[in-house]
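Structure record follows, encoded as structure tokens.
Protein chains: 4
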Amino acid sequence: MANSKYEYVKSFELQDNLLPQTWIVLRIDGCHFHKFSQIHNFEKPNDEHALQLLNECATDMLEEFPDIIFAYGMSDEYSFVIKKSSTFHQRRASKIVSLVVSFFSSTYVMKWHKFFPHKELQYPPSFDGRVVCYPSTSILRDYLAWRQVDCHINNQYNTCFWMLVKSGKSATEAQNILKGTQTQEKNELLFQQFGINYNTLPAVFRKGSCIFKEEVEEVVKCTEAGDPIKRRRRKIVVQHCDIIGKNLWDEHPYLLSDK
Amino acid sequence: MANSKYEYVKSFELQDNLLPQTWIVLRIDGCHFHKFSQIHNFEKPNDEHALQLLNECATDMLEEFPDIIFAYGMSDEYSFVIKKSSTFHQRRASKIVSLVVSFFSSTYVMKWHKFFPHKELQYPPSFDGRVVCYPSTSILRDYLAWRQVDCHINNQYNTCFWMLVKSGKSATEAQNILKGTQTQEKNELLFQQFGINYNTLPAVFRKGSCIFKEEVEEVVKCTEAGDPIKRRRRKIVVQHCDIIGKNLWDEHPYLLSDK
Amino acid sequence: MANSKYEYVKSFELQDNLLPQTWIVLRIDGCHFHKFSQIHNFEKPNDEHALQLLNECATDMLEEFPDIIFAYGMSDEYSFVIKKSSTFHQRRASKIVSLVVSFFSSTYVMKWHKFFPHKELQYPPSFDGRVVCYPSTSILRDYLAWRQVDCHINNQYNTCFWMLVKSGKSATEAQNILKGTQTQEKNELLFQQFGINYNTLPAVFRKGSCIFKEEVEEVVKCTEAGDPIKRRRRKIVVQHCDIIGKNLWDEHPYLLSDK
Amino acid sequence: MANSKYEYVKSFELQDNLLPQTWIVLRIDGCHFHKFSQIHNFEKPNDEHALQLLNECATDMLEEFPDIIFAYGMSDEYSFVIKKSSTFHQRRASKIVSLVVSFFSSTYVMKWHKFFPHKELQYPPSFDGRVVCYPSTSILRDYLAWRQVDCHINNQYNTCFWMLVKSGKSATEAQNILKGTQTQEKNELLFQQFGINYNTLPAVFRKGSCIFKEEVEEVVKCTEAGDPIKRRRRKIVVQHCDIIGKNLWDEHPYLLSDK
Numbered sequence: 004m005a006n007s008k009y010e011y012v013k014s015f016e017l018q019d020n021l022l023p024q025t026w027i028v029l030r031i032d033g034c035h036f037h038k039f040s041q042i043h044n045f046e047k048p049n050d051e052h053a054l055q056l057l058n059e060c061a062t063d064m065l066e067e068f069p070d071i072i073f074a075y076g077m078s079d080e081y082s083f084v085i086k087k088s089s090t091f092h093q094r095r096a097s098k099i100v101s102l103v104v105s106f107f108s109s110t111y112v113m114k115w116h117k118f119f120p121h122k123e124l125q126y127p128p129s130f131d132g133r134v135v136c137y138p139s140t141s142i143l144r145d146y147l148a149w150r151q152v153d154c155h156i157n158n159q160y161n162t163c164f165w166m167l168v169k170s171g172k173s174a175t176e177a178q179n180i181l182k183g184t185q186t187q188e189k190n191e192l193l194f195q196q197f198g199i200n201y202n203t204l205p206a207v208f209r210k211g212s213c214i215f216k217e218e219v220e221e222v223v224k225c226t227e228a229g230d231p232i233k234r235r236r237r238k239i240v241v242q243h244c245d246i247i248g249k250n251l252w253d254e255h256p257y258l259l260s261d262k
Numbered sequence: 004m005a006n007s008k009y010e011y012v013k014s015f016e017l018q019d020n021l022l023p024q025t026w027i028v029l030r031i032d033g034c035h036f037h038k039f040s041q042i043h044n045f046e047k048p049n050d051e052h053a054l055q056l057l058n059e060c061a062t063d064m065l066e067e068f069p070d071i072i073f074a075y076g077m078s079d080e081y082s083f084v085i086k087k088s089s090t091f092h093q094r095r096a097s098k099i100v101s102l103v104v105s106f107f108s109s110t111y112v113m114k115w116h117k118f119f120p121h122k123e124l125q126y127p128p129s130f131d132g133r134v135v136c137y138p139s140t141s142i143l144r145d146y147l148a149w150r151q152v153d154c155h156i157n158n159q160y161n162t163c164f165w166m167l168v169k170s171g172k173s174a175t176e177a178q179n180i181l182k183g184t185q186t187q188e189k190n191e192l193l194f195q196q197f198g199i200n201y202n203t204l205p206a207v208f209r210k211g212s213c214i215f216k217e218e219v220e221e222v223v224k225c226t227e228a229g230d231p232i233k234r235r236r237r238k239i240v241v242q243h244c245d246i247i248g249k250n251l252w253d254e255h256p257y258l259l260s261d262k
Numbered sequence: 004m005a006n007s008k009y010e011y012v013k014s015f016e017l018q019d020n021l022l023p024q025t026w027i028v029l030r031i032d033g034c035h036f037h038k039f040s041q042i043h044n045f046e047k048p049n050d051e052h053a054l055q056l057l058n059e060c061a062t063d064m065l066e067e068f069p070d071i072i073f074a075y076g077m078s079d080e081y082s083f084v085i086k087k088s089s090t091f092h093q094r095r096a097s098k099i100v101s102l103v104v105s106f107f108s109s110t111y112v113m114k115w116h117k118f119f120p121h122k123e124l125q126y127p128p129s130f131d132g133r134v135v136c137y138p139s140t141s142i143l144r145d146y147l148a149w150r151q152v153d154c155h156i157n158n159q160y161n162t163c164f165w166m167l168v169k170s171g172k173s174a175t176e177a178q179n180i181l182k183g184t185q186t187q188e189k190n191e192l193l194f195q196q197f198g199i200n201y202n203t204l205p206a207v208f209r210k211g212s213c214i215f216k217e218e219v220e221e222v223v224k225c226t227e228a229g230d231p232i233k234r235r236r237r238k239i240v241v242q243h244c245d246i247i248g249k250n251l252w253d254e255h256p257y258l259l260s261d262k
Numbered sequence: 004m005a006n007s008k009y010e011y012v013k014s015f016e017l018q019d020n021l022l023p024q025t026w027i028v029l030r031i032d033g034c035h036f037h038k039f040s041q042i043h044n045f046e047k048p049n050d051e052h053a054l055q056l057l058n059e060c061a062t063d064m065l066e067e068f069p070d071i072i073f074a075y076g077m078s079d080e081y082s083f084v085i086k087k088s089s090t091f092h093q094r095r096a097s098k099i100v101s102l103v104v105s106f107f108s109s110t111y112v113m114k115w116h117k118f119f120p121h122k123e124l125q126y127p128p129s130f131d132g133r134v135v136c137y138p139s140t141s142i143l144r145d146y147l148a149w150r151q152v153d154c155h156i157n158n159q160y161n162t163c164f165w166m167l168v169k170s171g172k173s174a175t176e177a178q179n180i181l182k183g184t185q186t187q188e189k190n191e192l193l194f195q196q197f198g199i200n201y202n203t204l205p206a207v208f209r210k211g212s213c214i215f216k217e218e219v220e221e222v223v224k225c226t227e228a229g230d231p232i233k234r235r236r237r238k239i240v241v242q243h244c245d246i247i248g249k250n251l252w253d254e255h256p257y258l259l260s261d262k
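Chains as they are written, first to last, in this note's numbering: chain A, 4 to 262; chain B, 4 to 262; chain C, 4 to 262; chain D, 4 to 262.
Laid out in structure tokens, this is it:
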């Protein structure tokens with residue numbers, strides 16, 4: 004039976020290829036994760052296990068999709084940077100978004116028990132995704148800086164907010180106390196009222212998480228004469244470092260070299 | 004700390020809204036499911052439990068996304084029809100694709116054990132997704148017909164192929180026997196060599212699965228005089244019926260009425 | 004000499020095909036025509052010759068592009084309706100927009116002297132263009148109604164404004180008098196202060212211009228017996244009629260039948 | 004009278020903004036110019052006046068649209084390079100394409116008589132247009148090189164073809180003689196059969212035309228002491244130089260500096 008009579012419906016599929024030779028950033032966001040974190044009793048303002056779960060999912064992404072060369076995550080969002088020269092699925096936006104989000108979602112559910120062995124997953128979590136193209140490395144770095152500044156702003160605010168709430172304030176009172184305060188004032192509030200030095204809090208909360216392939220030199224085995232035989236390989240690492248300045252990029256020049 | 008210095012990067016997000024007042028079809032496909040079905044020992048040509056799992060995921064989709072008014076699935080793919088008047092996420096393609104695929108993937112993993120209690124999920128499954136707009140109901144019905152004709156063609160071929168293989172032929176021999184055969188010849192092959200009447204095989208294999216909300220009248224309670232108090236409500240049903248002809252649509256006119 | 008080394012640059016051309024089986028409306032607008040009409044001393048509020056020139060250009064469009072089945076113009080804008088089934092240049096948006104706008108612009112300059120024999124064209128006029136798809140005939144008719152309502156609102160306002168200015172008011176005074184007035188009040192102002200019955204002004208000003216192919220029956224020649232031999236053909240006509248109600252469409256059912 | 008009832012039709016206009024911070028190339032092509040050049044008796048293989056007319060239109064484009072920083076033309080096509088940082092009409096593709104093509108077309112018709120004082124324009128010429136974004140300067144230069152290589156290939160072929168035809172061959176004979184010949188062979192054919200040294204033909208034919216703003220230093224006036232007062236300004240120039248190598252770009256570094 005020929006299917007040709009109906010096949011014309013394929014002509015309604017419009018193309019959505021992304022501009023070649025641009026960095027593709029795919030950002031996923033937890034959908035209604037405010038409610039999700041309440042129902043699953045996530046610790047406030049940061050739940051270490053929830054962050055570790057996200058980081059492990061993101062690490063698996065770099066294994067699964069070799070064209071992802073960098074990932075940056077914080078709170079319930081993750082940005083994946085796909086190399087400029089990638090031709091993954093002919094750079095079709097919907098293919099890329101759907102495959103990445105699908106794999107991330109499946110992995111999140113599969114790994115849940117590893118990080119929450121005593122908590123049942125109550126319902127299927129979902130993530131939305133979007134793709135953006137950045138034509139130059141300098142704009143890409145500004146994108147990453149934008150996310151890390153946001154991480155800082157949100158985390159500092161949330162740390163203050165939850166300390167106030169835990170100390171007995173209502174949510175509204177805490178919001179009013181924080182309204183209009185600057186970075187420095189928030190740091191002082193934490194220090195004077197709660198004895199917390201913000202800059203000594205765990206870097207994973209303050210800086211978010213960067214995942215990338217680090218070039219390392221390994222001893223594979225030794226020759227009969229006892230000399231080590233080494234090889235260079237790339238190993239996926241998770242770090243909680245600054246990505247706004249140039250240090251990370253200077254130390255790992257291959258990351259943004261698109262090779 | 005103001006984030007404005009970097010916020011310009013948001014201007015690189017281009018809009019991808021879908022044309023209003025058109026039927027949106029979102030089709031998801033299992034990614035590398037040939038390998039996935041081998042590794043998980045799915046029965047050939049059709050694995051009932053795998054199909055039931057997909058159907059349950061799709062049923063949950065209609066609960067989760069009220070704008071989905073119909074779903075049709077077969078093999079490892081599912082098409083979801085979103086109503087013409089939907090303004091779900093302002094009809095942004097990447098939002099819609101990612102959320103639907105994400106929820107489907109999470110659900111698939113969460114429900115795996117219900118359908119395969121004795122099989123471990125070996126790795127995270129993933130699905131790709133795409134959206135297509137259809138401007139009229141008649142073209143939408145042609146789309147659905149296209150998928151059901153495909154279901155028939157594939158299933159009849161696969162049924163023959165696997166019967167031949169199970170009877171001792173090699174894959175290549177089976178392919179050669181089937182090359183160029185028509186519907187009628189395949190039916191005869193099944194009947195004469197294997198005593199199988201194709202049309203009596205389970206409808207779920209031959210027709211695929213349709214999921215929609217059926218209007219039903221229910222007795223809520225009875226009055227003191229014993230008269231039933233009824234109300235109409237919509238109940239999600241799974242059927243394996245013909246969607247090419249007009250019967251289904253005539254019997255359920257509200258399905259495509261976009262209300 | 005092979006050109007292949009550089010031909011990869013073609014891969015940066017992204018596709019912009021419009022959804023099949025939808026009405027395509029291409030609207031062009033005079034660019035900075037406020038200034039253009041001043042420099043060329045167009046009569047206010049309406050210059051008959053300028054409108055006739057636009058109408059003749061639009062008429063030539065229907066000759067040149069057979070897929071245009073209707074055009075509606077007013078002031079310095081024109082909307083062209085391309086039939087749903089059109090496959091003109093594979094429905095590529097930029098091809099369609101550029102060709103239509105280019106032909107219109109060339110024609111405008113070429114025909115200028117026919118309508119302004121004693122005025123020199125001072126500089127090249129330009130028009131911008133855009134395409135919009137409408138999935139149903141009823142929405143297409145709402146689009147056309149939208150433009151004709153706009154024509155009425157603008158023309159009534161401009162008629163009042165210029166009568167006030169010609170009677171000695173400054174532009175600001177005229178604007179203040181008209182601020183917040185309704186249709187009925189404007190009609191009364193025209194009648195009481197200037198003795199003008201708005202509804203008797205030329206229809207081309209009040210209703211704009213519709214251009215379409217009318218089916219007519221013509222006597223081609225006569226038989227020897229003196230009986231007329233007729234044939235039906237389509238003849239391009241310009242009318243200034245209502246397009247909001249259903250009369251025009253009922254009388255010319257073939258217009259929106261997409262045949 | 005409110006227009007709100009119909010204004011919903013505006014929501015069908017989809018956005019088509021081009022990616023920020025990329026070079027926009029807008030290429031226009033004469034539509035059916037083979038026929039146009041025959042009807043207007045253009046000289047073969049190159050008509051100097053027709054090329055001069057196109058060059059003057061393109062020069063006017065650089066005056067009219069300050070964001071165009073370079074133009075390259077040959078045969079009946081012209082490429083306009085819009086600077087990376089341009090926000091002209093919010094980088095909306097259809098606005099940019101339509102305005103540029105419209106102005107070019109109007110100018111072409113208006114200037115026709117300056118270049119063809121004794122030839123009547125027979126019908127309105129039209130041009131199609133398209134936009135492509137290039138993310139880096141190096142790819143932009145490859146685009147320009149692609150066009151100039153094409154200019155060379157086409158012009159050399161056409162020069163041979165028309166010399167053969169003018170010497171008495173039929174079109175088919177000329178095509179057969181040229182089939183499969185390389186650059187060197189074509190040069191030898193021209194030299195041996197017609198005494199033509201290809202490289203001494205006018206550069207406008209062989210290299211096409213480049214239009215850009217050259218920085219020049221001008222003496223504005225002199226001081227009382229007789230010292231010249233100079234100022235730097237940019238002057239639009241037309242050149243027929245090589246754009247594949249780096250000389251032009253090295254000598255005019257501001258061209259691609261996006262300032």
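Positions of the beta carbon are idealized from the N, C-alpha and C atoms, including for glycine. As the structure is a computational prediction, the values presented were derived from the model and not from experiment.
Taking only the alpha-carbon atoms, compute the straight-line gap between residue i and residue j and give it to the nearest angstrom.
i	j	result
Ile72(A)	His116(B)	34 Å
Val135(D)	Thr226(D)	49 Å
Phe130(B)	Asn158(C)	56 Å
Asp253(B)	Arg94(A)	42 Å
Leu57(D)	Ala206(D)	16 Å
Gly76(D)	Arg150(B)	49 Å
Lys162(D)	Asn200(D)	Looking at the sequence shown, residue 162(D) is not Lys but Thr. Whole-angstrom Cα-Cα distance: 11 Å.
Between residue i and the ligand MG, is there a pair consisting of the residue's CB and a ligand heavy atom that are separated by less than 7 Å?
i	result
Leu21(B)	What this structure holds is no ligand at all, so the ligand MG is not there to describe.
What does residue i touch in chain D if you count any residue whose Cβ is under 8 Å from its own?
i	result
Glu188(C)	What Glu188(C) touches in chain D: nothing, since even the nearest Cβ is about 12 Å away.
His9(C)	Before going further, note that residue 9(C) is Tyr rather than His in the sequence given. Chain D residues near Tyr9(C): Asp145, Tyr146, Ala148, Trp149 and Val152.
Ile85(A)	In chain order: nothing, as chain D lies at least about 14 Å away.
For residue i, count the other beta carbons within 10 Å of its own beta carbon; 16 or more makes it buried, fewer makes it exposed. Which is it?
i	result
Arg144(B)	buried
Asn49(D)	buried
Tyr257(C)	exposed
His121(A)	exposed
His37(B)	exposed
Who are the neighbours of residue i on chain B, taking C-beta pairs under 8 Å?
i	result
Leu22(C)	Leu22, Thr25, Cys136 and Pro138
Name the chain C residues that come within less than 7 Å of residue i, Cβ to Cβ?
i	result
Phe91(A)	By Cβ distance, chain C contributes nothing, its closest Cβ being about 15 Å from Phe91(A), past 7 Å.
Closer than 9 Å by beta-carbon distance: list the chain C residues that pair up with residue i, in chain order.
i	result
Ile246(D)	What Ile246(D) touches in chain C: nothing, since even the nearest Cβ is about 12 Å away.
At 8 Å on the CB atoms, spell out the chain C contacts of residue i, in chain order.
i	result
Leu17(A)	Gln18, Asn20 and Leu22
Ser14(A)	Pro23
Against residue i, what residues of chain D qualify as contacts under a CB-to-CB distance less than 7 Å, listed in chain order?
i	result
Ile142(A)	Gln24
- [ ] Could you tell me which uninterrupted beta strand (DSSP E) segments, each at least 3 residues in length, are contained entirely in the region 183-228 of chain D, listed from first to last along the chain?
- [x] 212-225
Task: Interface residues of the region 148-176 of chain A facing chain B [CB-CB below 8 Å] - done: Ala148, Trp149, Val152, Asp153, His155 and Ile156
Open item on the list: Report the start-end ranges of each beta strand (DSSP E) in the region 72-96 of chain C that is 3 residues or longer and not cut off at the edges.
Closed with: 80-85
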